[in-house]
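Visitor: In UniProt numbering, the protein residues as written are 1 to 168.
The structure is reproduced here in C-alpha coordinates:
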(Lines of atoms letter the chains of each structure in order from A and count residues from 1; the text may use other names and numbers.)
(Lines give C-alpha, C1' and ligand atoms only; values in the text may rest on other atoms or scores of the structure.)
Protein backbone atom coordinates (compact mmCIF):
# COMPACT_ATOMS: atom_id res chain seq x y z
CA UNK A 1 0.00 0.00 0.00
CA UNK A 2 1.31 3.42 -0.95
CA UNK A 3 1.50 5.82 2.00
CA UNK A 4 0.16 9.22 1.04
CA UNK A 5 1.82 12.34 2.41
CA UNK A 6 0.04 14.88 4.60
CA UNK A 7 -1.06 17.85 2.47
CA UNK A 8 -0.49 20.53 5.14
CA UNK A 9 3.05 19.28 5.77
CA UNK A 10 3.76 19.41 2.02
CA UNK A 11 2.30 22.92 1.80
CA UNK A 12 4.51 24.19 4.63
CA UNK A 13 7.62 22.82 2.88
CA UNK A 14 6.49 24.10 -0.52
CA UNK A 15 5.83 27.59 0.86
CA UNK A 16 9.42 27.80 2.13
CA UNK A 17 10.81 26.58 -1.21
CA UNK A 18 8.56 28.89 -3.21
CA UNK A 19 9.42 31.95 -1.11
CA UNK A 20 13.12 31.22 -1.55
CA UNK A 21 12.68 30.66 -5.31
CA UNK A 22 10.73 33.89 -5.81
CA UNK A 23 13.17 35.92 -3.72
CA UNK A 24 16.25 34.44 -5.42
CA UNK A 25 14.80 35.29 -8.84
CA UNK A 26 13.46 38.76 -7.94
CA UNK A 27 9.82 37.76 -8.37
CA UNK A 28 8.31 39.12 -5.15
CA UNK A 29 5.54 40.80 -7.18
CA UNK A 30 4.19 37.54 -8.62
CA UNK A 31 0.52 36.73 -9.21
CA UNK A 32 -0.84 33.25 -8.45
CA UNK A 33 -2.82 31.20 -10.96
CA UNK A 34 -4.42 27.93 -9.86
CA UNK A 35 -5.71 25.29 -12.25
CA UNK A 36 -9.26 24.18 -11.35
CA UNK A 37 -9.98 22.54 -9.01
CA UNK A 38 -7.19 21.19 -6.86
CA UNK A 39 -4.58 23.57 -8.21
CA UNK A 40 -6.76 26.54 -7.21
CA UNK A 41 -7.03 25.19 -3.66
CA UNK A 42 -3.25 24.70 -3.44
CA UNK A 43 -2.54 28.10 -5.03
CA UNK A 44 -4.70 29.91 -2.49
CA UNK A 45 -3.00 28.16 0.44
CA UNK A 46 0.46 28.96 -0.94
CA UNK A 47 -0.50 32.56 -1.65
CA UNK A 48 -1.64 32.97 1.96
CA UNK A 49 1.66 31.55 3.22
CA UNK A 50 4.03 33.33 0.78
CA UNK A 51 2.54 36.55 -0.65
CA UNK A 52 -0.86 37.18 0.94
CA UNK A 53 -1.37 40.46 -0.96
CA UNK A 54 -0.59 38.92 -4.36
CA UNK A 55 -3.37 38.75 -6.96
CA UNK A 56 -5.00 35.36 -7.46
CA UNK A 57 -6.57 33.92 -10.59
CA UNK A 58 -7.89 30.56 -11.76
CA UNK A 59 -7.83 28.65 -15.03
CA UNK A 60 -10.21 26.02 -16.33
CA UNK A 61 -8.24 24.45 -19.16
CA UNK A 62 -11.06 22.21 -20.46
CA UNK A 63 -11.16 23.85 -23.91
CA UNK A 64 -7.35 23.73 -24.19
CA UNK A 65 -6.92 20.01 -23.53
CA UNK A 66 -5.67 17.91 -26.42
CA UNK A 67 -7.88 14.93 -25.46
CA UNK A 68 -11.37 16.40 -25.14
CA UNK A 69 -12.29 14.99 -28.56
CA UNK A 70 -11.60 11.51 -27.16
CA UNK A 71 -13.11 12.01 -23.70
CA UNK A 72 -15.55 14.88 -24.25
CA UNK A 73 -15.74 17.99 -22.13
CA UNK A 74 -16.06 17.60 -18.37
CA UNK A 75 -19.57 18.08 -17.03
CA UNK A 76 -18.59 21.19 -15.07
CA UNK A 77 -16.60 23.69 -17.10
CA UNK A 78 -15.93 26.88 -15.17
CA UNK A 79 -14.84 30.18 -16.62
CA UNK A 80 -11.20 31.12 -16.15
CA UNK A 81 -10.77 34.19 -13.97
CA UNK A 82 -7.65 36.31 -14.27
CA UNK A 83 -8.49 39.63 -12.59
CA UNK A 84 -5.11 41.10 -13.56
CA UNK A 85 -3.05 41.49 -16.70
CA UNK A 86 -0.63 38.63 -17.37
CA UNK A 87 1.36 40.83 -19.76
CA UNK A 88 4.96 41.10 -18.52
CA UNK A 89 3.94 39.69 -15.12
CA UNK A 90 5.67 37.01 -13.07
CA UNK A 91 3.16 34.18 -12.58
CA UNK A 92 3.10 31.25 -10.19
CA UNK A 93 1.14 28.51 -11.97
CA UNK A 94 -0.12 25.88 -9.52
CA UNK A 95 -1.62 22.43 -10.01
CA UNK A 96 -2.22 19.58 -7.61
CA UNK A 97 -0.79 16.65 -9.60
CA UNK A 98 1.76 16.68 -12.41
CA UNK A 99 1.59 13.44 -14.35
CA UNK A 100 1.77 13.50 -18.15
CA UNK A 101 2.40 17.25 -18.49
CA UNK A 102 -0.60 17.73 -20.78
CA UNK A 103 -2.62 19.77 -18.26
CA UNK A 104 0.31 22.15 -17.78
CA UNK A 105 0.78 22.48 -21.55
CA UNK A 106 -2.91 23.38 -21.87
CA UNK A 107 -2.63 25.90 -19.02
CA UNK A 108 0.39 27.58 -20.63
CA UNK A 109 -1.46 27.80 -23.96
CA UNK A 110 -4.40 29.48 -22.23
CA UNK A 111 -2.18 31.87 -20.26
CA UNK A 112 -0.44 33.02 -23.45
CA UNK A 113 -3.85 33.74 -25.00
CA UNK A 114 -4.20 36.37 -22.24
CA UNK A 115 -0.76 37.90 -22.91
CA UNK A 116 2.96 37.27 -22.61
CA UNK A 117 4.05 36.78 -18.99
CA UNK A 118 7.53 37.83 -17.90
CA UNK A 119 7.96 34.37 -16.35
CA UNK A 120 5.98 31.35 -15.20
CA UNK A 121 7.04 29.40 -12.12
CA UNK A 122 5.42 25.95 -12.03
CA UNK A 123 4.42 24.59 -8.62
CA UNK A 124 2.79 21.19 -8.07
CA UNK A 125 1.83 19.34 -4.94
CA UNK A 126 2.71 15.91 -6.39
CA UNK A 127 4.69 14.54 -9.31
CA UNK A 128 3.54 11.10 -10.42
CA UNK A 129 6.47 10.73 -12.86
CA UNK A 130 4.50 9.48 -15.86
CA UNK A 131 5.59 12.26 -18.20
CA UNK A 132 4.59 12.41 -21.85
CA UNK A 133 5.85 15.98 -22.33
CA UNK A 134 9.12 17.56 -21.13
CA UNK A 135 7.60 19.57 -18.26
CA UNK A 136 9.00 19.76 -14.72
CA UNK A 137 7.91 21.68 -11.65
CA UNK A 138 10.12 24.44 -10.23
CA UNK A 139 8.70 23.78 -6.76
CA UNK A 140 7.38 20.34 -5.85
CA UNK A 141 5.78 18.89 -2.74
CA UNK A 142 6.61 15.20 -3.31
CA UNK A 143 7.17 12.57 -6.00
CA UNK A 144 5.18 9.34 -5.94
CA UNK A 145 5.25 6.12 -7.90
CA UNK A 146 1.72 4.76 -8.04
CA UNK A 147 0.83 1.09 -8.26
CA UNK A 148 -0.65 0.00 -11.58
CA UNK A 149 -4.36 0.73 -11.82
CA UNK A 150 -4.29 3.49 -9.19
CA UNK A 151 -4.84 7.25 -9.38
CA UNK A 152 -4.36 9.90 -6.77
CA UNK A 153 -6.98 12.55 -6.07
CA UNK A 154 -6.93 15.69 -3.98
CA UNK A 155 -10.21 16.29 -2.15
CA UNK A 156 -11.16 19.51 -0.43
CA UNK A 157 -11.22 22.35 0.01
CA UNK A 158 -11.60 21.74 3.75
CA UNK A 159 -9.68 19.74 4.67
CA UNK A 160 -7.31 19.09 1.80
CA UNK A 161 -6.63 15.36 1.66
CA UNK A 162 -5.05 12.91 -0.78
CA UNK A 163 -6.84 9.68 -1.62
CA UNK A 164 -5.78 6.71 -3.70
CA UNK A 165 -8.48 5.43 -6.06
CA UNK A 166 -8.65 2.72 -8.73
CA UNK A 167 -8.55 3.94 -12.33
CA UNK A 168 -11.83 3.58 -14.16
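We put the beta carbon where it would ideally sit given N, CA and C, even for glycine.
With a threshold of 16 other CB atoms inside 10 Å of the CB of residue 40, please say whether the residue is buried or exposed.
Guide: buried
Visitor: What are the start and end residues of each continuous alpha helix (DSSP H) run of 4 or more residues lying completely inside the UniProt domain "Phosphoribosyltransferase" (5-139), in chain order?
Guide: Positions of the alpha helix (DSSP H) runs, each at least 4 residues long and wholly inside the UniProt domain "Phosphoribosyltransferase" (5-139), are given as 7-24, 38-50, 68-71 and 102-114 in order along the chain.
Visitor: From which residue to which residue does the beta strand (DSSP E) around residue 166 run?
Guide: Per DSSP, the unbroken beta strand (DSSP E) holding residue 166 starts and ends at 161-166.
Visitor: Comparing C-alpha positions only, which one of 61, 137 and 164 sits nearest to residue 110?
Guide: The candidate whose alpha carbon is nearest that of residue 110 is 61.
Visitor: When you compare the segment 78-96 with the segment 112-119, are there three or more beta-carbon pairs, one atom per stretch, that lie closer than 8 Å?
Guide: Touching, yes.
Visitor: Straight-line CA distance for residue 218 to residue 94?
Guide: Absent from the structure is residue 218, since the part of the chain shown begins at 1 and ends at 168.
Visitor: Can you list, in chain order, the residues of its chain whose CB lies under 6 Å from that of residue 64, leaving out five sequence neighbours each side?
Guide: 106, 109 and 110
Visitor: Would you say residue 91 and residue 123 are within 7 Å of each other, going by their C-beta atoms?
Guide: Remark: C-beta atoms of residue 91 and residue 123 do not approach each other more closely than 7 Å.
Visitor: In the DSSP assignment, find the unbroken beta strand (DSSP E) run with residue 146 in it and report its ends.
Guide: Counting along the chain, residue 146 falls outside any beta strand (DSSP E), and DSSP gives it neither H nor E.
Visitor: Using only CA atoms, which one of 50, 4, 133 and 162 lies nearest to residue 23?
Guide: Among 50, 4, 133 and 162, the Cα nearest to that of residue 23 belongs to 50.
Visitor: For residue 133, count neighbouring Cβ atoms within 10 angstroms of its own Cβ and tell me buried if that reaches 16, exposed if not.
Guide: exposed
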